[in-house]
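A.B. asks:
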Amino acid sequence: MSNVLVVDDDPHIVKALRITLQAHGYKVATASDGESALRSAAKHPVGVLILDLGLPDIDGTTVITRLRAWSSVPILVLSARHGSEDKVEALDAGADDYITKPFGLDELLARLRAVLRRTADPGEEQPVLVTESFTVDLAMRRVTRDGEDVRLTPTEWRILDLFVRNPEKLITQQQLLSEVWGPAYAKEANYVRVYMAQLRRKLESEPGNPRHLITEVGIGYRFMP
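Going by full-length UniProt numbering, the first residue of the sequence shown is number 1, and it counts up by one from there.
#1: Could you name the residues of the same chain whose beta carbon sits closer than 8 Å to that of Ala139, not counting the 5 residues immediately before and after it, in chain order?
#2: Which same chain residues, not among the five before or five after Val164, have their C-beta less than 6 Å away from its C-beta?
#3: Just curious, the beta strand (DSSP E) that Ile219 is in, first and last residue?
#4: Which of helix, strand or coil does DSSP assign to Phe223?
#5: Note down the Cα distance separating Val150 from Arg81, rounded to an integer number of angstroms.
#6: Please classify Arg145: does DSSP put it in a helix, a strand, or coil?
#7: Is Ile58 helix, strand or coil by DSSP?
#8: Round the Cβ separation of Leu170 and Tyr98 to the nearest angstrom and send it over; I've been treating them as touching at under 8 Å.
#9: List in chain order: all unbroken alpha helix (DSSP H) runs of 4+ residues lying wholly within the UniProt domain "Response regulatory" (3 to 116).
#10: By the three-class DSSP mapping on this structure, what secondary structure does Thr172 have?
#11: Taking 7 Å as the limit between beta carbons, can you name the residues of its chain near Glu204, skipping five residues before and five after?
#12: Would you identify the three-state DSSP class for Thr155, choosing helix, strand or coil?
#13: Please check the pair Thr61 and Glu89, which I expect to be a contact at CB under 8 Å, by giving their CB distance rounded to whole angstroms.
#14: If I follow the unbroken alpha helix (DSSP H) through Val192, where does it start and stop?
#15: Comparing alpha-carbon positions, which option in Leu105, Leu160, Trp70 and Arg117 lies nearest Ala23?
#16: Please look up how many angstroms separate the CB atoms of Val48 and Leu116, rounded, as I've assumed it's under 8 Å.
#17: Please work out which residues of its chain come closer than 7 Å, Cβ to Cβ, to Thr131, disregarding the five sequence neighbours upstream and downstream, and give them in chain order.
#18: In the DSSP assignment, find the unbroken beta strand (DSSP E) run with Thr135 in it and report its ends.
#19: Any idea which residues DSSP pairs Leu129 with across the strands?
#20: Out of curiosity, what's the CA-to-CA distance linking Ala16 and Leu5?
#21: Helix, strand or coil, according to DSSP, for Arg118 in the structure here?
#22: Whole-angstrom Cβ separation of Arg222 and Glu179, contact assumed at under 8 Å?
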């Protein structure tokens with residue numbers, strides 16, 4: 001099991017997380033502020049970071065930015081900030097997922113497992129992904145549905161490729177625009193909406209009630225295999 005570093009200045013939350021995570025086989029270290037968290041992450045192996053944004057010394061988003069300068073450790077934000085701007089800022093800084101307080105421990109454990117699945121053995125890429133509705137072969141750049149090839153435009157393919165390589169991860173509109181179209185298009189949210197609608201029509205059994213290409217309102221999208 002992974003070593004988990006819990007960064008939060010609320011001792012009650014820290015205690016609850018420590019007990020729960022240890023009961024599920026995780027090794028747990030804790031830090032009550034951002035600077036302590038960065039020192040701990042630098043000195044000891046960390047498998048995943050659970051991070052509050054409202055820390056007493058430096059903001060959690062600053063912790064993410066500084067950590068990302070030298071580490072790719074998965075970061076799961078756990079914060080009382082419910083605004084989409086805070087979520088987008090944390091995700092764009094490099095967080096892998098975001099849960100708002102109050103939270104359910106079952107959901108947190110599920111999100112933690114998902115983050116660890118995405119980051120486990122990155123060198124062993126699985127080029128073929130099979131969902132209930134369609135199959136994606138990354139190596140062959142081929143998508144099939146009901147045994148038939150699905151024709152995608154180059155832009156549609158780049159979007160799908162990004163999702164398939166980051167299953168279950170929350171991807172912001174800004175991330176999509178920057179990685180698919182380029183930094184100059186960071187504010188063209190209408191591009192994303194148009195192409196997501198096209199992908200859903202081609203891939204989803206019920207485009208109006210998607211099973212795989214999920215909208216996170218005001219933030220971005222999540223691909224669920």
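For glycine and all other residues, C-beta sits at the position ideal for the given N, C-alpha and C.
C.D. replies: The relevant details are as follows:
#1: Closer than 8 Å at the Cβ level, and outside the excluded window around Ala139, lie Pro127 and Val128.
#2: For Val164, the CB contacts under 6 Å within the same chain, skipping 5 residues up- and downstream, are Leu129 and Val136 in chain order.
#3: Per DSSP, Ile219 belongs to no beta strand (DSSP E) and is neither H nor E.
#4: The answer is strand: DSSP assigns Phe223 an E or B state.
#5: Per the coordinates, the alpha-carbon of Val150 lies some 41 Å from the alpha-carbon of Arg81.
#6: The answer is strand: DSSP assigns Arg145 an E or B state.
#7: Three-state result, Ile58: coil.
#8: Contact between Leu170 and Tyr98 holds, with the beta-carbon distance rounding to 7 Å and staying under 8 Å.
#9: DSSP runs (the alpha helix (DSSP H)) wholly in the UniProt domain "Response regulatory" (3 to 116): 11 to 23, 34 to 43, 60 to 68 and 84 to 93.
#10: If DSSP states are grouped into helix, strand and coil, Thr172 belongs with the strands.
#11: For Glu204, where only same-chain residues beyond five positions count, the Cβ hits under 7 Å are Ser133, Pro210, Arg211, His212 and Leu213.
#12: The DSSP-derived three-state label of Thr155 is helix.
#13: A Cβ-Cβ distance of about 6 Å is found for the pair Thr61 and Glu89, placing them in contact under the 8 Å criterion.
#14: Residues Ala189 to Leu203.
#15: It is Leu105.
#16: That belief holds up - the Cβ atoms of Val48 and Leu116 are roughly 6 Å apart, short of 8 Å.
#17: Result list for Thr131: His212 and Pro225, in chain order.
#18: Thr135 to Asp137 is the extent of the beta strand (DSSP E) around Thr135.
#19: According to DSSP, which records beta bridges pairwise, Leu129 is partnered with Val136.
#20: Across the structure, Ala16 and Leu5 are spaced so that their CA atoms are roughly 14 Å apart.
#21: If DSSP states are grouped into helix, strand and coil, Arg118 belongs with the helices.
#22: Contact annotation, Arg222 with Glu179: C-beta distance approximately 15 Å; criterion of less than 8 Å not satisfied.
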